[in-house]
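Read the structure below first, then the notes.
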Amino acid sequence: MNVEQQRRQAGLKRNLKALGITLLLHAFLLGMLLWFTVRANVPEKPQIPELVLINAGNVDLSAGEIEPLGSLQEPQDVAPREAVPNPPQPQPAPAPETMPKTEKLITQNNSNQISAAELEAAKRKKEEERQRVLEEERKRKEREEQEKRERIRREVGSNVAGAFNGQKTNSGNQGTGMEAKGNQGVPGGSGDSYSLDGRTIITNGGYPTRPNNVKAIRGKIRVRIVVNNLGQVTDAWVEPQGTQISDPDMRNAAVKAAKATRFNKIPGGTDQRGIITYLFDVQ
Numbered sequence: 001m002n003v004e005q006q007r008r009q010a011g012l013k014r015n016l017k018a019l020g021i022t023l024l025l026h027a028f029l030l031g032m033l034l035w036f037t038v039r040a041n042v043p044e045k046p047q048i049p050e051l052v053l054i055n056a057g058n059v060d061l062s063a064g065e066i067e068p069l070g071s072l073q074e075p076q077d078v079a080p081r082e083a084v085p086n087p088p089q090p091q092p093a094p095a096p097e098t099m100p101k102t103e104k105l106i107t108q109n110n111s112n113q114i115s116a117a118e119l120e121a122a123k124r125k126k127e128e129e130r131q132r133v134l135e136e137e138r139k140r141k142e143r144e145e146q147e148k149r150e151r152i153r154r155e156v157g158s159n160v161a162g163a164f165n166g167q168k169t170n171s172g173n174q175g176t177g178m179e180a181k182g183n184q185g186v187p188g189g190s191g192d193s194y195s196l197d198g199r200t201i202i203t204n205g206g207y208p209t210r211p212n213n214v215k216a217i218r219g220k221i222r223v224r225i226v227v228n229n230l231g232q233v234t235d236a237w238v239e240p241q242g243t244q245i246s247d248p249d250m251r252n253a254a255v256k257a258a259k260a261t262r263f264n265k266i267p268g269g270t271d272q273r274g275i276i277t278y279l280f281d282v283q
């Protein structure tokens, strides 16, 4: 039991000794740290410059008790030196003036620019004039074509109107060419006394509808038609008198074309009769 207590006491002493050494070491380190920190934070005292009074001027504060005399120097005779004239410096040759040349070059460039601008303006004006002439020519041709179509339409209308008024005549407007255009309004006269003045064709540009699928046959086919007050052809057949083509296909094509023709309306009117003569000149 005593041995055990001795061991415990020896261990306790060792622990206390180690604890004391540790505390002393930490205290020393903490003191060093605080000392360096305080020295780093303490500002240095500014150095005050020392002022020295100089004996100069008439100020009483700056005057001393004794005025130094200094060393006196006797003036030495110095022989005057003759002035040596400086040799004349050569005058530099004046640089040639280049301004007139520059002005001439600038003037020439401006002249070239003005000439190019004038040429461009003249070219643009000429092109505008050409376009204006072409536009006027186009409008003139369109106007002439429109007047021509209007004149033909009026002539066709008057001829078709004559085809319905029962008067016999041998004149007519007949188409020629490969397309077998039919003549418009060749009057054959039906003997009817109905007055059909003002009756005009309103389809196909004022012309009777042309037959389709025609053959290479020359001659004419006269088609008698009946027109109601709405301008529709309600009936059509080949008139044997004056017809020169006997081909049934050509006759059927002429009758079909005549039925497709439309005239102007006459409200309250009655059926009217007339003849359309188609002239074929297909080779």
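Using full-length UniProt numbering, read the sequence shown as starting at 1 and increasing by one per residue.
The beta carbon of each residue, even a glycine, is placed where N, CA and C say it ideally should be.
Buried versus exposed, by CB contacts within 10 Å (16 or more), residue i
{"i": "Gly-205", "result": "exposed"}
{"i": "Leu-29", "result": "exposed"}
{"i": "Gly-268", "result": "exposed"}
{"i": "Ala-236", "result": "buried"}
{"i": "Gln-234", "result": "Before going on, a small fix: residue 234 reads as Thr here, not Gln. Result: exposed."}
{"i": "Phe-36", "result": "exposed"}
{"i": "Val-238", "result": "buried"}
{"i": "Met-32", "result": "exposed"}
{"i": "Ile-21", "result": "exposed"}
{"i": "Arg-143", "result": "exposed"}
{"i": "residue 305", "result": "In the structure as shown, the chain begins at 1 and stops at 283. Residue 305 is therefore absent and cannot be evaluated."}
{"i": "Arg-7", "result": "exposed"}
{"i": "residue 287", "result": "No information on residue 287 is available, as it lies outside the stretch 1 to 283 that the chain covers here."}
Short Cβ contact (8 Å threshold) for residue i with residue j
{"i": "Ala-253", "j": "Pro-208", "result": "no"}
{"i": "Phe-280", "j": "Gly-219", "result": "yes"}
{"i": "Val-226", "j": "Arg-273", "result": "yes"}
{"i": "Val-255", "j": "Val-223", "result": "yes"}
{"i": "Ile-202", "j": "Tyr-278", "result": "no"}
{"i": "Asp-271", "j": "Asn-212", "result": "no"}
{"i": "Met-250", "j": "Ile-276", "result": "no"}
Residue range of the beta strand (DSSP E) that includes residue i
{"i": "Asp-235", "result": "233 to 238"}
{"i": "Val-226", "result": "218 to 227"}
{"i": "Leu-279", "result": "272 to 281"}
Limits of the unbroken alpha helix (DSSP H) element including residue i
{"i": "Lys-265", "result": "No alpha helix (DSSP H) holds Lys-265; DSSP gives it neither H nor E."}
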